[in-house]
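Down below is the structure, laid out as structure tokens.
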């Protein structure tokens, strides 16, 4: 499948293995990977949310909460740096990688990631309306503990592709169908 | 109908005006002993005096910043001291205002493309940290009693962001609060504690009125035009009353609602497009 990504530029924000997998897949599709200080010319921005397996809002400290929220603010900051370029060329893709527990609680417990992911999903919904006319799209990939980095990367690349050009404010949940939410 | 909350102790943040005041009044009317907390002493004193006329001895007021966990602990401590162990916690804190110098204006105006990222942190403190801190501060009492009612006054935008208005801050932060409450509901059900989130629609309060005024100026319309336009989008064709918010919250606090938890329930006159 030609994803139509050859010649695009991307910044993937995640020092971990998921980010590496995303970079590898995007590069194999002909995307040029940029450093974080080159966001102003990125066509694609992928942010992988921090993961805190087992985190519990009843045990969390205020610093834990603000730490999780800083991840949201950092993502917004990165998005905003890339936005003018995307608007100008009328093509842009934002992708957040978060937790399937933000859809239904029978997924793994990671309360801090639920908080961040719900914020990003809501934000993406608004970006969908605000930036749709500029063809700047924002979508989320949701994972659980069994989701591999390669599966995440494939879904991220799909969201960046030309074929996903009518999708914005939506999520792809990679959980083997284990979530109980109707939709 | 007997609600079974006579003698329960409630803390209502943002309890001096609008929706919070209506909730405090109705809870006190059902026999609860209510501590209202807010930032502005004059509004608090006036509300407490009015509630005390209806339910003598059932209300206390204390000033506090309910977005600061340390202050929330202090306020809850006052409730405990004056009335006893807390059983009902209603979190009702508004978010960002357009111009903090102009009291009563609506939520922070701005779009994704214009809102400074740092403002999201302030909104998180106002809406999320306040709800988290009040629940946490009251939990020891509720767990010990194996009975508790936690309600947050949220917004319909948690489920469906407003897209015709520049409300990027509440649009982003209300949804995680709904998630927080859903998580808490699961964790606390076995302790006899219910946790519900009210999705506030268009309710007639001072803040709502001043917000529509602001919107009229922003759009170059008359207030009547804005009012008509907004009402046309509500199936019941009218704003709700603060008492209609209070009615739901008070019901959720009753023993009849012991098995209703983890819900986000709109009070919106039927507005909203989402099926569930």
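Residue numbers (my numbering), protein chains in the order written: chain S, 189 to 371; chain R, 252 to 527. Think of the CB as a built atom: it goes at the ideal place given N, C-alpha and C, for glycine as much as any other residue. A quick note: this is a predicted structure, and the numbers were derived from the prediction, not measured.
| Item | Value |
| --- | --- |
| Should residue 317 of chain S be flagged as near chain R, meaning a C-beta pair shorter than 9 Å? | yes |
| I'd like the list of long-range same chain contacts for residue 286 of chain R, defined as Cβ closer than 6 Å, with 5 residues on each side in sequence excluded. | 262, 311 and 330 |
| So, is the C-beta of residue 398 of chain R closer than 9 Å to a C-beta in chain S? | no |
| Does any residue of chain S bring its CB to less than 9 Å from the CB of residue 422 of chain R? | yes |
| Against chain R, with Cβ distances strictly below 9 Å, would residue 290 of chain S count as a contact? | yes |
| Is the distance from the Cβ of residue 275 of chain S to the Cβ of residue 322 of chain S below 9 Å? | yes |
| Can you list, in chain order, the stretches of the beta strand (DSSP E) that have 3 or more residues and sit fully within the stretch 280 to 320 of chain S? | 280 to 287 |
| Assess contact between the stretch 357 to 364 of chain S and the stretch 264 to 277 of chain R, defined as three or more Cβ pairs (one per stretch) separated by less than 8 Å. Is contact present? | no |
| From the DSSP secondary-structure annotation, give me the bridge partner or partners of residue 493 of chain R. | DSSP lists no partner for residue 493 of chain R. |
| Put residue 295 of chain R into one of helix, strand or coil per three-state DSSP. | helix |
| I need the boundaries of the beta strand (DSSP E) containing residue 330 of chain S, first residue and last residue. | 324 to 331 |
| Could you compute how far the alpha carbon of residue 372 of chain S sits from the alpha carbon of residue 383 of chain R? | Residue 372 of chain S is absent from the structure shown; chain S starts at 189 and stops at 371. |
| Quick one: is residue 291 of chain R buried, meaning 16 or more other Cβ sit within 10 Å of its Cβ, or exposed? | exposed |
| Under three-state DSSP, which class holds residue 337 of chain S? | helix |
| Report yes or no: is there a C-beta of chain R within less than 9 Å of the C-beta of residue 354 of chain S? | no |
| Under the assumption that residue 304 of chain S contacts residue 237 of chain S (Cβ atoms under 8 Å), give the Cβ distance between them as a whole number of angstroms. | 5 Å |
| Is residue 362 of chain S helix, strand or coil when you go by DSSP? | strand |
| Can you tell me where the beta strand (DSSP E) with residue 380 of chain R in it begins and where it stops? | It is not in any beta strand (DSSP E) - residue 380 of chain R carries neither H nor E in the DSSP assignment. |
| CB residue 342 of chain R to CB residue 386 of chain R, shorter than 9 Å? | yes |
| Is it a yes or a no for the stretch 279 to 291 of chain S touching the stretch 328 to 335 of chain S, going by three-plus beta-carbon pairs under 8 Å? | yes |
| Flag this pair as yes or no: are the beta carbons of residue 416 of chain R and residue 366 of chain R separated by less than 9 Å? | no |
| What residues of chain S sit near residue 419 of chain R, judged by a beta carbon separation below 7 Å? | 314 |
| Between the alpha carbons of residue 298 of chain S and residue 366 of chain S, how many angstroms are there, rounded? | 16 Å |
| Verify the CB distance criterion: does residue 325 of chain R have a CB-CB separation below 9 Å to chain S? | no |
| If the cut-off is 8 Å on Cβ atoms, which residues from the stretch 365 to 379 of chain R count as contacting chain S, listed in chain order? | 368, 369, 371, 372, 375 and 379 |
| Residues in the stretch 219 to 249 of chain S with C-beta within 9 Å of chain R's C-beta atoms, listed in sequence order? | 244, 245, 246 and 248 |
| What residues of chain S sit near residue 320 of chain R, judged by a beta carbon separation below 9 Å? | 250 |
| When DSSP labels each residue in this structure, what does residue 258 of chain R get in the three-state scheme? | coil |
| For a cutoff of 9 Å on Cβ pairs, would you count residue 257 of chain S as touching chain R? | yes |
| Measure the beta-carbon distance from residue 325 of chain S to residue 268 of chain S and round it to whole angstroms, keeping in mind my assumption that it falls under 8 Å. | Actually they do not touch by this definition, with Cβ atoms about 16 Å apart. |
| Would you list, in sequence order, the uninterrupted alpha helix (DSSP H) runs of no fewer than 4 residues that lie entirely inside the stretch 412 to 493 of chain R? | 419 to 439, 457 to 470 and 474 to 483 |
| Are the beta-carbon atoms belonging to residue 447 of chain R and residue 345 of chain R less than 9 Å from one another? | no |
| As an exercise, report each continuous alpha helix (DSSP H) stretch of at least 4 residues that is fully enclosed by the stretch 204 to 230 of chain S, in chain order. | 205 to 216 |
| When we look at the beta-carbon of residue 257 of chain R and count the other beta-carbons within 10 Å, is it buried (16 or more) or exposed? | exposed |
| Alpha carbon to alpha carbon, how far is residue 507 of chain R from residue 281 of chain R? | 14 Å |
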